[in-house]
Structure formats: C-alpha cells, structure tokens
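Sequential numbering of the sequence shown, starting at 5, is according to the working numbering. Data block below; observations after.
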Amino acid sequence: MALAGRFGAHGARLATGTALGVVAASCLALGGWPLFVLALLAGLAAAWEFLSLTHTSLPGRIITLAALTGGMAAVQLGQPAVAVAVLGLTWWLGSLGFLLRSGSPAKRDSASGDAAGWLIWQTPASTLLYIAAPLCIALSWTPWQNALVLAGTIASDVGAYYAGHLIGGPKLWPAVSPKKTWAGSLGGLAATLALTAGAGQIWGVQLVGLDPGVSFPLWTWLALGATISVAAQLGDLFESALKRHAGVKDSGTLLPGHGGVLDRIDGLLAAAPAAGLFVFVWNML
5 MALAGRFGAH GARLATGTAL GVVAASCLAL GGWPLFVLAL LAGLAAAWEF LSLTHTSLPG
65 RIITLAALTG GMAAVQLGQP AVAVAVLGLT WWLGSLGFLL RSGSPAKRDS ASGDAAGWLI
125 WQTPASTLLY IAAPLCIALS WTPWQNALVL AGTIASDVGA YYAGHLIGGP KLWPAVSPKK
185 TWAGSLGGLA ATLALTAGAG QIWGVQLVGL DPGVSFPLWT WLALGATISV AAQLGDLFES
245 ALKRHAGVKD SGTLLPGHGG VLDRIDGLLA AAPAAGLFVF VWNML
C-alpha cells in the first residue's frame, strides 16, 4: 500500500507537471496577452499563498493583489514607470499604516507598532518585489528568453529531484529543508548546464535577442546555466524556510502532487532576475 501510494503521488505530480508544461509552452508560443494572463494568474495565486504564509490581514491581501494586478498590467501596456509608481505607493501605504499604529499610545508597543513591526506593514511591497517584479521581467522578454529560463529552472528542479532520490547522501541545509541533498543540488546544476549548453549551441543568439552576427562561447552558456540553477535552488530554499517558519509542508493545495503555485514557481522567481542581470552585464562587456 505504501508503494502504491508513493507511485500514485508520483503519477499525480507527473500529470500535473505535464499539464502545466503544455499550458506554459502554449502561452510562451503565443506571447502577448495569453502570456500576460498566465503570468497574472500565477502571480495572484502565488501572492495569496505567500500572504497566507506571512499571516497578512485581509485588507493587506486585497491591497497587494490589486497592486500586483495594476503593476503587471502597466508593464504589459508598455508603462513600466507606472509599475514602479505602484510599487512605491504600496510601500508608502505600508509606511502610513505603521505611522498611524506607532502614533497610537495604546498600540505603540504591540507587535505591529514597534520598529520591527514596520516589516509587517511592508509585506505587500515585499510581495510585489518577490513575485510581481520577476514576472514583469519575463513579460519584457522574447519567447526564446522565457523558454530558456523556464526550461533551465525546470531542468534544475527535475535534476535535483531525481538525483536526490536516487543518490541521497549528505543533506544540503537540513535546518531549512530536511530532504534536500548535495547530490540533488549538483544533479540539478548538471541538468541545467547540459540544457543551456545544448540550447546555446543549437539556437545561439536567438535565446538572448542579440544580433545574428554576435556569438556566445560555450563557457558563457555554462555560466548562464549555473546562474539559473543556483538562483533557482536559492529561491526554492527561501520558500522552504518560509514554509518551515509557518509550520506547513506546502504553500497551497491548488496543484496535485506539487502543492501550491508558489511551490512550483519559487525557483523561477529567483532565476528570472538572476538571468536578466547576467545577460545585461554580458551585453555591457
């Protein structure tokens, strides 16, 4: 029975992952508004889960989801300055809440009225930086760029999962994530290196949107793969720490076999800005 249950859980994970892959690939190929709708829905679901992990109040959740929707829509409409303004306004709304709380003698010494409590009021702004900003970066990319970073993140996750289960060995960071191993981490890195190196040799500059006359040497694709994998694993560890602090196994239950949406895109939220910065720095050299 235990074996059957294990294979049943694995089957659910595989089926959900396949369905998500088909939807993501379709939206990436179509681009434009289909990709925006997918990114927005994923962002809203992940943000709700993050706000649940941080025990944010309902008004704070509503403000966050509204700001996330407005900011991402502004980027999609070609108005990134408006998105930055939305982030700034959200930050100041949190600061205003802290100011009003601190100004009340009866509430000044409460958990949300002291200096450390200022961070509680900034959870909406933190959510935009953590979830909305990486998704906005993806909205500005070409389909090739999105496909590369998404595939690299998936390769890291799948490689780590199977290498960790098949090899086992010493734990990577047991205080944060008891199940992750060094073998899994290296397996994820190797999988992403293989993918980016292969993709770079086959499709080359189409992946980064450069002129056809520009070429990247192999070591550059390997460095990009390492950047994506390391960032994705750090994103995974960060979310593991959040869940451990909140005392839950998964961020949600929306995706059978995977948990919540945040469980599925935690690595991508770190890999996207890391990959974007890597390509920006390379283009500046």
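Even for Gly, the Cβ is constructed at its ideal location relative to N, Cα and C.
Local Cβ density within 10 Å of residue i, reported as buried at 16 or more and exposed below that
i: Phe284; result: exposed
i: Ile206; result: exposed
i: Pro138; result: buried
i: Ser160; result: buried
i: Lys247; result: buried
i: Ala23; result: exposed
i: Ser30; result: exposed
i: Leu34; result: exposed
i: Gly15; result: exposed
i: Leu170; result: exposed
For residue i, three-class secondary structure by DSSP
i: Lys184; result: strand
i: Gly263; result: strand
i: Lys253; result: coil
i: Phe11; result: In this predicted model, Phe11 has a pLDDT of only 48, less than 50, meaning its place in the structure is not dependable; the value taken from the coordinates is given anyway. Correct three-state label for Phe11: helix.
i: Leu241; result: helix
i: Leu176; result: strand
i: His59; result: coil
i: Pro221; result: coil
i: Gln205; result: helix
i: Leu81; result: coil
i: Leu258; result: coil
i: Gln126; result: coil
i: Leu91; result: helix
i: Leu190; result: helix
Nearest-angstrom Cα separation, counted from residue j out to residue i
i: Ile141; j: Gly251; result: 31 Å
i: Leu133; j: Leu18; result: 30 Å
i: Ala87; j: Trp177; result: 36 Å
i: Ala278; j: Pro174; result: 27 Å
i: Asn150; j: Leu32; result: 7 Å
i: Asn287; j: Val234; result: 21 Å
i: Ile124; j: Gly92; result: 16 Å
i: Leu190; j: Ala203; result: 20 Å
i: Pro182; j: Gln83; result: 43 Å
i: Ala46; j: Ala77; result: 14 Å
i: Gly361; j: Leu55; result: Since the first and last residues shown for the chain are 5 and 289, residue 361 lies out of range.
i: Gly198; j: Ile66; result: Here residue 198 is Ala; the residue named in the question, Gly, does not match the sequence. Distance between the alpha carbons of Ala198 and Ile66 is about 42 Å.
i: Phe220; j: Trp37; result: 31 Å
i: Pro128; j: Leu272; result: 20 Å
i: Leu266; j: Leu103; result: 31 Å
i: Leu97; j: Gly75; result: 15 Å
Limits of the alpha helix (DSSP H) - the one that residue i falls within
i: Gly35; result: No alpha helix (DSSP H) holds Gly35; DSSP gives it neither H nor E.
i: Ser144; result: From DSSP, Ser144 is part of no alpha helix (DSSP H); its letter is neither H nor E.
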